[in-house]
Amino acid sequence: DNLRVAVVGAGAMGSDHIRRITSTIAGADVVAIVDPDSGRATAAAAKAPGAITAASFEEALDATAIDAVIVATPGFLHEPVLVPALERGLAVLCEKPLTTSAEDSLRIVELEQQHADRPKIQVGFMRRFDKGYQELRALRESGANGALLALHHAHRNPTTPPNFSESMLIHDSVIHEIDIIPFITGEAITSVEVKKPRKNSLAPADLPEPQFVLFTTESGTMAIVEINVNAQFGYQVTTDAVFESGVAYIGRETSLNLVSQGVSGQGVTPSFVERFGAAYDEEVQRWVDAARAGGIDGPSAWDGYTASVVAEVAVRAQQSGAHEPITYATAKPAFYETA
Ligand code: ISE
2 DNLRVAVVGA GAMGSDHIRR ITSTIAGADV VAIVDPDSGR ATAAAAKAPG AITAASFEEA
62 LDATAIDAVI VATPGFLHEP VLVPALERGL AVLCEKPLTT SAEDSLRIVE LEQQHADRPK
122 IQVGFMRRFD KGYQELRALR ESGANGALLA LHHAHRNPTT PPNFSESMLI HDSVIHEIDI
182 IPFITGEAIT SVEVKKPRKN SLAPADLPEP QFVLFTTESG TMAIVEINVN AQFGYQVTTD
242 AVFESGVAYI GRETSLNLVS QGVSGQGVTP SFVERFGAAY DEEVQRWVDA ARAGGIDGPS
302 AWDGYTASVV AEVAVRAQQS GAHEPITYAT AKPAFYETA
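This is how it looks when you write it as structure tokens:
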């Protein structure tokens, strides 16, 4: 039987997942759309024939049979959906971040182990499904160019939505690099430091950015992230990897290059929806297939927890300006070894 999915949060990401499940993904149907804004819920439901709309997740659970939930609300609203989902044994695809504090994420990890005998929550770190990041990781694993010494990441968005705060630079945006750096290097992040160059006058008055966020991993590999989310020109996410005997870069060629009328150039993707479209498709199809078999196929709540630990220290580093060491409260439980 098809997986009966509730989508909680009908904003940009929730709507895109509804469209994806309805038109591209096999094996799942959207049966409920939850959003406190009934206009948004109804507009999203137009794309999902047969789906009910509800103002809260509890209301949707009472109204119809649900096997799985996609959590696409803002990060600070994830926990109130994750808890009832775990209590009912539902499959979960939770958009990043898992939660916005290490303590809350640890509570989710503990609750998941109480309620299930295998991981139920997959976290929406879609970059792991992007071909470029997979190739970069494979190159590092092969050792063909020696050890990986350093990573340069550029994370550029055209503009920020209203009320985007300084800590959201970390919890909402840099959280992707916080997940992908261990994915590429195979190592945990052990420290973080933040530097703030001259402010972009086109960014909101209370948002000091761009910022440089410098991470170090266990072996001493360094990763610098330029977070720059009012860059105006479009959406661009790139990584350059410096190996002992070569460099590799990904993310620059996102379309064909046209040479015409004296100019050579490519288009720039307008947002993450297009830049990571193929990665999202792969992520959601694999999650649906795994959820129908009772499990997950991608980053787990444990990965969500470790990212929350790093994010919390990075937010502290934004304010202290100091080099901040990172420690994790517990080692990875055996429960997550299969994930
Ligand atoms: C957004 O929430 C995302 O997840 C995007 O991937 C990221 O580039 C953007 O900065 C975030 O606000």
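Take 2 as the starting number for the sequence shown in the numbering used here and just add one per residue.
Positions of the beta carbon are idealized from the N, C-alpha and C atoms, including for glycine.
In this text, all values refer to a predicted model and were calculated from it rather than measured experimentally.
{"query": "Give me the Cα-Cα distance between Phe273 and Pro159, rounded to the nearest whole angstrom.", "result": "10 Å"}
{"query": "Could you check how far apart the C-beta atoms of Ala49 and Thr23 are, in whole angstroms? I think they sit under 8 Å.", "result": "5 Å"}
{"query": "Using a Cβ-Cβ cutoff of less than 6 Å, which residues in the same chain neighbour Glu80 once the five nearest sequence positions on both sides are dropped?", "result": "Thr100 and Asp105"}
{"query": "Measuring CB to CB, does Val226 end up less than 8 Å from Val175?", "result": "yes"}
{"query": "Per DSSP, what kind of secondary structure is Glu325 in: helix, strand or coil?", "result": "strand"}
{"query": "For my contact list, Val1 and Phe216 are in at a C-beta cut-off of 8 Å; report their separation, rounded to the angstrom.", "result": "A query on residue 1 cannot be resolved here, the shown segment of the chain reaching from 2 to 340 and no further."}
{"query": "Where Glu338 and Gly15 are concerned, what is the direct C-alpha to C-alpha distance, given to the nearest angstrom?", "result": "29 Å"}
{"query": "On the three-pair Cβ rule with 8 Å, is the region 123-130 touching the region 86-96?", "result": "yes"}
{"query": "Consult DSSP for Lys196 and reduce its assignment to one of helix, strand or coil.", "result": "strand"}
{"query": "Rounding to the nearest angstrom, what Cα-Cα distance links Ile327 and Val311 in this structure?", "result": "7 Å"}
{"query": "Tell me which residues share the same chain as Glu254 and place their Cβ nearer than 8 Å to its Cβ, disregarding the 5 neighbours each side in the sequence.", "result": "Gln267"}
{"query": "Under 7 Å: does the beta carbon of His156 sit that close to some heavy atom of the ligand ISE?", "result": "yes"}
{"query": "For the ligand ISE, any of its heavy atoms closer than 7 Å to the Cβ of Lys132?", "result": "no"}
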